[in-house]
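Quick notes on the structure that follows.
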Amino acid sequence: MTTVLSIVVPIFGVIALGVVGGRTRLFPQSAAQALSNFVLYVAVPALLFRTIQRVGSFDDLNPDVGFAYYGAAFAVALGALAFGRFAFGLTGGERSSFAMGGMFSNTGLVGIPLVFATWGDAGMVPLMVIISFHSLVFVTFYLVLHDLAQSGAVGWANTGRAASHAIITNPVVISVIFGFAWKATGWELHEYAATVISMLGDSAIPTALFALGVALAQFRVAGNFAHATVMSFVKLVVHPLAAFAAAHWLFDLTSLEVAVITISASLPGGLMVYLVAQSYGVYVARAASSLVIGTAGALVTVSILLAWLA
Numbered sequence: 001m002t003t004v005l006s007i008v009v010p011i012f013g014v015i016a017l018g019v020v021g022g023r024t025r026l027f028p029q030s031a032a033q034a035l036s037n038f039v040l041y042v043a044v045p046a047l048l049f050r051t052i053q054r055v056g057s058f059d060d061l062n063p064d065v066g067f068a069y070y071g072a073a074f075a076v077a078l079g080a081l082a083f084g085r086f087a088f089g090l091t092g093g094e095r096s097s098f099a100m101g102g103m104f105s106n107t108g109l110v111g112i113p114l115v116f117a118t119w120g121d122a123g124m125v126p127l128m129v130i131i132s133f134h135s136l137v138f139v140t141f142y143l144v145l146h147d148l149a150q151s152g153a154v155g156w157a158n159t160g161r162a163a164s165h166a167i168i169t170n171p172v173v174i175s176v177i178f179g180f181a182w183k184a185t186g187w188e189l190h191e192y193a194a195t196v197i198s199m200l201g202d203s204a205i206p207t208a209l210f211a212l213g214v215a216l217a218q219f220r221v222a223g224n225f226a227h228a229t230v231m232s233f234v235k236l237v238v239h240p241l242a243a244f245a246a247a248h249w250l251f252d253l254t255s256l257e258v259a260v261i262t263i264s265a266s267l268p269g270g271l272m273v274y275l276v277a278q279s280y281g282v283y284v285a286r287a288a289s290s291l292v293i294g295t296a297g298a299l300v301t302v303s304i305l306l307a308w309l310a
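The sequence shown maps to residues 1 to 310 in our numbering.
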């Protein structure tokens, strides 16, 4: 357990420092956006590119990792939709946001630092399968659910445009494709270029965590506390258990792949949960509250899961 705490406590400690910084004049919310852009468009692509050059080949990306992770996530989402309707009496749009909060992990700003700190480059390989399509799959799913709830029909044109934009502009997808394309050439990076990429990749973890903290500083626990707490419970407990069950019993995966899938599912909700709720004006306060509660609660639940799996 001491080893687990040596991983988890520093990670959540940097997030906490970001929260403190975000409540000062030094780091306004514009700074959070700038830091997040640096992480997602510069540092994380550099880290992924470097990882690809160090380990394996394209054949090492096991599609069953994605099937196990996303299959479990959709099962949880369907259960959350039903629970939201019958237990809380939520409307269609509210149920969509509730389900999104139970299935959308912060794989970018928390998942990458946590997996890399725990398993190094080896853990990043299965994580790449998950994060390459994360926002695309879940945002598309949310848009379809919301359209059905609002009008009874799917706006396929808008959904298609959103999905296409998510693919074309996703820095994770671009860096993974470019990384494997470069590796396939057999060319060695020049020493200077390799050093620059390594420096940028090394900056990804602390900057991602601090940026998340600064972003979380804008949120407060408000709205219906019970709804936000249940949403966080689904995200932190139900989702990882479902992911472990799918990965362990339904697919022929390695213990490392099972662990990465489970930990990825156990992460607190991503900022996208709040952003999509805000864009449609439904469940906004409760979505924001779930991010605060979930991130705080993840310190305990992730520690327990890591002690079990790592």
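All C-beta atoms in this analysis are idealised placements derived from N, C-alpha and C, irrespective of residue type, glycine included.
Nonlocal neighbours in the same chain, by C-beta distance under 6 Å from residue i, ignoring five residues either side
i	result
Leu61	Val129
Leu306	Val4
Gln218	Gln29
Phe141	none
Pro171	Leu40, Tyr41 and Pro45
Thr118	Ile7 and Ala310
Phe58	Phe180
Bounding residues of the alpha helix (DSSP H) (the contiguous stretch that carries residue i)
i	result
Leu81	Pro63 to Phe86
Val284	Val284 to Leu309
Val44	Val44 to Arg54
Ala59	Rather than Ala, the amino acid found at residue 59 in this sequence is Asp. Premise fails: Asp59 is in no alpha helix (DSSP H) and is neither H nor E.
Leu35	Gln29 to Phe38
Arg95	Gly92 to Met103
Ser175	Pro171 to Thr185
Phe116	Ile112 to Ile131
Backbone CA spacing between residue i and residue j [nearest angstrom]
i	j	result
Val276	Ser97	8 Å
Leu200	Leu78	39 Å
Gly84	Ala215	27 Å
Ala99	Arg25	35 Å
Ala82	Leu40	34 Å
Ala246	Pro63	14 Å
Thr51	Val44	10 Å
Lys183	Thr195	17 Å
Val258	Val139	24 Å
Gly92	Tyr280	12 Å
Ala193	Phe251	39 Å
Ile197	Ala181	16 Å
Leu309	Leu236	15 Å
Tyr283	Pro10	32 Å
Ala314	Phe210	Given a span of 1 to 310 for the chain in the structure shown, any question on residue 314 remains unanswerable.
Gly120	Leu48	12 Å
Pro113	Gly18	15 Å
Neighbourhood of residue i by C-beta distance below 7 Å, restricted to the same chain and skipping five residues each side
i	result
Val76	Gly102, Met103, Val234, Val238, His239 and Ala242
Phe116	Gly123, Met124 and Ile205
Ala287	Ser97, Gly101, Val273, Tyr274 and Ala277
Gly71	Ala246
Thr262	Pro240, Ala243, Phe244, Ala247, Leu305 and Leu309
Val137	Tyr70
Presumed contact (8 Å Cβ cut-off) between residue i and residue j, rounded CB distance
i	j	result
Leu291	Gly269	5 Å
Phe225	Ser289	7 Å
Pro344	Val260	Any question about residue 344 goes unanswered here, given that the chain covers just 1 to 310.
Ala46	Gly108	Not quite, the Cβ-Cβ distance comes to about 14 Å (not below 8 Å), so this is no contact.
Ser264	Gly111	5 Å
Leu253	Val65	7 Å
Ile177	Ser232	Not a contact, Cβ separation roughly 34 Å.
Ala222	Ala285	5 Å
Residues of its chain near residue i, where Cβ-Cβ distance is below 8 Å and the 5 sequence neighbours each way are ignored
i	result
Ala16	Gly213
Arg23	Ala217
Thr301	Leu236, Val237, Pro240 and Ser266
Ile174	Pro45
Residue i at chain B interface by Cβ criterion, 7 Å
i	result
Leu309	No chain B is present in this structure, which holds just one protein chain.
Residue i Cβ short of 6 Å to the ligand GTP heavy atom set
i	result
Leu306	Summarising the ligand content, the structure contains no ligands, and the ligand GTP is consequently not present.
Query raised in the report: Quick one: complete alpha helix (DSSP H) runs, 4+ long, within the segment 205 to 271?
Result: 225 to 233, 239 to 245 and 255 to 266
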